[in-house]
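Visitor:
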Amino acid sequence: MQLQWIDYLIIVIYFGFVIGIGFVLKNFAKTSTDFFLSGRSIPAWITGLAFISANLGAQEVIGMGASGAKYGIATSHFYWVGAIPAMIFVGLFMMPFYYGSRARSVPEYLKLRFDEKTRGLNAISFAAMTVFSSGVSMYAMGKLLQLLLGWDFNFSVVISAGIVLVYTYLGGLTSAIYNEVLQFFLIVAGFVPLVFLGLRDVGGAGGLYARLAQVSTERGFEAGALSHSWRYMGDPSQNPMGVEAFGLVMGLGFVLSFGYWCTDFLVVQRAMAADSMNAARRTPLIAAFPKMLFPFLVILPGMLAISATSRPTVLPTHLQCTAAETAAGTGPTVQNSWEGLVPPKVDDRTCQPVVGTDGRVQVDYDLATPMMLMHYFPSGILGLGLCALMASFMSGMAGNTTAFNTVWTYDIYQAYINRNASDQHYLRMGRAATVFGILISVAAAYVAQRFNNIMDLLQLVFAFVNAPLFATFMLGMFWKRTTGHGAFAGLLSGTLAAAAHHGLTLPAGAVAGGFKGGYLGSVLHVYPSEMAQNFWTAIAAWTTCFLVTIVVSLATRPRPEAELRGLVYSLTPRPKEEGIPLYRQPGPLAIVVLLATVVLNIIFW
Amino acid sequence: MDIRVPVGAIFSIYGVLLIVWGFASGDLDARHMIGPLNVNVWDGIGMLAFGVILLLLARRSPRAPRSTMDQ
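If you're matching them up, the sequences are chains G and Z in order. When the letters of the first sequence are read in order and numbered with my numbering, they come out as residues 41 to 645. When the letters of the second sequence are read in order and numbered with my numbering, they come out as residues 1075 to 1145.
(1) What are the partner residues of T545/G, as DSSP defines its beta bridges?
(2) Ends of the alpha helix (DSSP H) at L187/G?
(3) If we ignore side chains and look at the alpha-carbon of each, how far apart do F193/G and L187/G end up?
(4) Let me confirm a value: W1095/Z is counted as buried when at least 16 other C-beta atoms fall within 10 Å, else exposed. Which label applies?
(5) Report the partner residues of M1107/Z according to the DSSP bridge assignment.
(6) Among I217/G, S72/G, I50/G and M181/G, which has the Cα closest to the Cα of A90/G?
(7) Taking 7 Å as the limit between beta carbons, can you name the residues of its chain near W191/G, skipping five residues before and five after?
(8) Between T535/G and I102/G, which are expected to be in contact by the criterion C-beta below 8 Å, what is the C-beta distance as a whole number of angstroms?
(9) Chain Z beta carbons: is any one of them nearer than 9 Å to that of A461/G?
(10) I'd like to know if P83/G contacts chain Z, where contact means its C-beta is closer than 9 Å to some C-beta of that chain.
(11) Which partner residues does A314/G have in the DSSP bridge list?
(12) Roughly how many angstroms lie between the CA atoms of R624/G and N1112/Z, to the nearest whole one?
(13) Could you name the residues of the same chain whose beta carbon sits closer than 7 Å to that of A328/G, not counting the 5 residues immediately before and after it, in chain order?
(14) For V403/G, write down the residues that DSSP places opposite it in a beta bridge.
(15) Closer than 7 Å, Cβ to Cβ, to anything on chain Z: give me those residues from the region 214 to 232 of chain G, in chain order.
(16) Buried or exposed: which applies to A163/G, given that a residue is buried once 16 or more other Cβ atoms fall within 10 Å of its Cβ?
(17) Straight-line CA distance for R1134/Z to V1126/Z?
(18) Could you check which residue in V487/G, R240/G, V501/G and W582/G has the C-alpha nearest to that of I1108/Z?
(19) Indicate the three-state DSSP secondary structure (helix, strand or coil) for E100/G in the structure shown.
(20) Rounded to the nearest angstrom, what separates G369/G and L344/G at their Cα positions?
(21) If we count the other Cβ atoms within 10 Å of its Cβ and call it buried at 16 or more, is F231/G buried or exposed?
(22) L611/G: buried (16+ other C-beta within 10 angstroms of its C-beta) or exposed?
(23) How many angstroms separate the CA atom of T583/G from the CA atom of M1075/Z?
(24) Spatial neighbours of L544/G within its chain, please: C-beta separation below 6 Å, excluding the five flanking residues on both sides.
(25) Would you call the region 482 to 489 of chain G in contact with the region 167 to 178 of chain G, where contact means no fewer than 3 C-beta pairs closer than 8 Å?
(26) Could you give the first and the last residue of the continuous alpha helix (DSSP H) run that contains A348/G?
(27) Please check if any C-beta of chain Z sits within less than 9 Å of the C-beta of A319/G.
(28) Within this structure, are the beta carbons of L132/G and G238/G separated by less than 9 Å?
(29) Given that a residue counts as buried once 16 or more other Cβ atoms are within 10 Å of its Cβ, and exposed if not, what is I631/G?
(30) Consult DSSP for E379/G and reduce its assignment to one of helix, strand or coil.
So, in structure tokens, the structure goes:
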């Protein structure tokens, strides 16, 4: 695809602004609290937008478009089940402890509530996870730009890493937050016209539903399977996700979602930067409003891509050779394997389409959203759309970087290496951590490019580590009898349970022994899909952690209650909301969010 | 620096660029047109309006983060 100078100009202006923001905010970051927590001085609407934007990385814009194309409206479960309830919970019930305890990070809360070893376990696994996911973002961006625009992979990685490095190094968290807010508005400005043009092209909502019904039957499902979120959830064989309602609600809606939104420092850090307890509690609730509408911006393009009746006039670079082959009559007839605007998967070395185990050519759903951009946007707004895409990759990376440098400096360096240095020393260490964090991420991006398997393995390990986390936090915050030994034993056994469950089960159609599971000798159960297996792995981890924590806590000595004030629900005074107008109180706000989410679930049932 | 300043500024610049470019590129393929104008112009108008509003709001009541050192 050819970009014109206007598209490049728009992208260059964006890069200029991002770096400029870093330079302006440099003078603001004078203490470590400024650098790591924005001096706790940011108003709620900004931390709220940053809260969702930090999560709006590579996975979301491209991944949710891909899922929209694959699963249809049911993808909204990742928002209306898998995010909003947990966001309400963290705002109403958990923020009083995170913000009120003056902990500077999530691992530090674990240190205050439990002990050093629980913090250490969480800090080290979290730090490793953030640098690697930042690397995966970089890799995904480099690969996408190579595919769409023919840009050199090294160039994309160096540019994106360099820009993120400059602005997070200079302005710290404030700089990251400002750019996240900018990115949020860019996504809206870039994707609203995309959805409008795409929807108009298929003939509005009616046309979209008719086409989805057609695609649905072509794939062997009932006509409504792609256009209903709940109706076909009773039986995993009836919906394209291959999950059932219980696994979905417990695995995604409870364990995974609460584990992420309530304990992941990447998002919680944004709320900790808020200027008051009230603002910190409202941060996730304000974030919930755009979050519940995001499906219309990021999932809908995927659904529109498979519904489009026209074929794109411009092809991604890796498909151009195939088109030539096809024209010459030598290549396979990949032309028949398109699903709307979504091209078949093609091996970029051999130019051959990838054939799945069922003998059919696989469709490359990851290209759904990018193909929409290329098809519906003329030069000018195309540059803006690409810019929004790059912005989402980069702010995802920046989010990981700021979370990493904070946890590294406060929870690893200050806790274990140099306990009593000056504040300026920790500020310098934070900047240094930004540099080496990004360098490790760049290395990870190249590892991902070379050895896809290692990254798959790492992500699997991280999933095992994360799955039980919410049980630890829930017991720690709401049951004062929970002890440090209990928490630590629970976390370890929860992770082991996740690995064991995964190792003893398989998703349908997979071979035992690989990263899909079944590597522990015997396969006890075969799940209808990988997603169902993941949900149940999480449920197993959570349950094990929950039970083991309780048993070990009861067997060990509790901490005196005086030490737990401000850290446990029953020993902490409720935050006062007197004198604050109703619309600024977390409680009423949460009720509105919850009602709106229920209404959306009913409309798209 | 008030966050509305950089966001307002970049949206205003993009708005102007898209409007000018949109008019200069004239009529495009039907899927790029909304009524008489192409999508660049429409999005440009929206972005310019949003950018100017942010800049005005920031001018009326500036609000910047404070360093903990200056408090």
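Glycine included, every Cβ here is placed at the ideal spot set by N, Cα and C. Please read all numbers here as calculations on a predicted model, not as lab measurements.
Guide: Let's see:
(1) T545/G pairs with H565/G.
(2) Segment E156 to L189, the alpha helix (DSSP H) holding L187/G.
(3) When rounded, the distance between both Cα atoms is 10 Å.
(4) Counting Cβ neighbours within 10 Å, W1095/Z comes out buried, since at least 16 surround it.
(5) For M1107/Z, which the question treats as bridged, DSSP gives the partners N1112/Z.
(6) Per the Cα distances, I217/G.
(7) In the same chain as W191/G, and ignoring 5 residues on each side of it, the C-beta atoms closer than 7 Å to its own belong to L185, in chain order.
(8) With a contact defined as Cβ atoms closer than 8 Å, T535/G and I102/G miss out at about 29 Å.
(9) Chain Z contact via Cβ: absent.
(10) Any Cβ of chain Z closer than 9 Å to the Cβ of P83/G would place that residue at the interface, and such an atom is present.
(11) DSSP lists I82/G as partners of A314/G.
(12) Annotation: R624/G to N1112/Z spans about 41 Å, alpha carbon to alpha carbon.
(13) Around A328/G: I124, M127, I128 and V633.
(14) V403/G pairs with P384/G.
(15) Under the 7 Å Cβ criterion, the region 214 to 232 of chain G contributes T214, Y218, V221, L222, F225 and A229.
(16) A163/G counts as buried, since at least 16 other C-beta atoms from the protein chains shown sit within 10 angstroms of its C-beta.
(17) Distance between the alpha carbons of R1134/Z and V1126/Z is about 12 Å.
(18) Comparing Cα-Cα distances from I1108/Z to each of V487/G, R240/G, V501/G and W582/G, the minimum goes to R240/G.
(19) Three-state DSSP puts E100/G in a helix.
(20) Note that G369/G scores a pLDDT of 46, beneath 50, so its modelled location is shaky; the value from the coordinates is reported in the next line. Cα to Cα, the separation comes out at about 31 Å.
(21) Counting Cβ neighbours within 10 Å, F231/G comes out buried, since at least 16 surround it.
(22) By the Cβ-count criterion, L611/G is exposed, with fewer than 16 other Cβ atoms from all chains shown falling within 10 Å of its own Cβ.
(23) Here the C-alpha atom of T583/G lies approximately 47 Å from the C-alpha atom of M1075/Z.
(24) The answer, listed in chain order, is L560 and L564.
(25) Touching, yes, given that three or more Cβ pairs across the two stretches are closer than 8 Å.
(26) Note, A348/G: premise wrong, no alpha helix (DSSP H); not H, not E.
(27) No, its Cβ sits nowhere closer than 9 Å to a Cβ of chain Z.
(28) No, the Cβ-Cβ distance between L132/G and G238/G is not below 9 Å.
(29) I631/G should be labelled exposed.
(30) Looking at E379/G - three-state DSSP - the assignment turns out to be strand.
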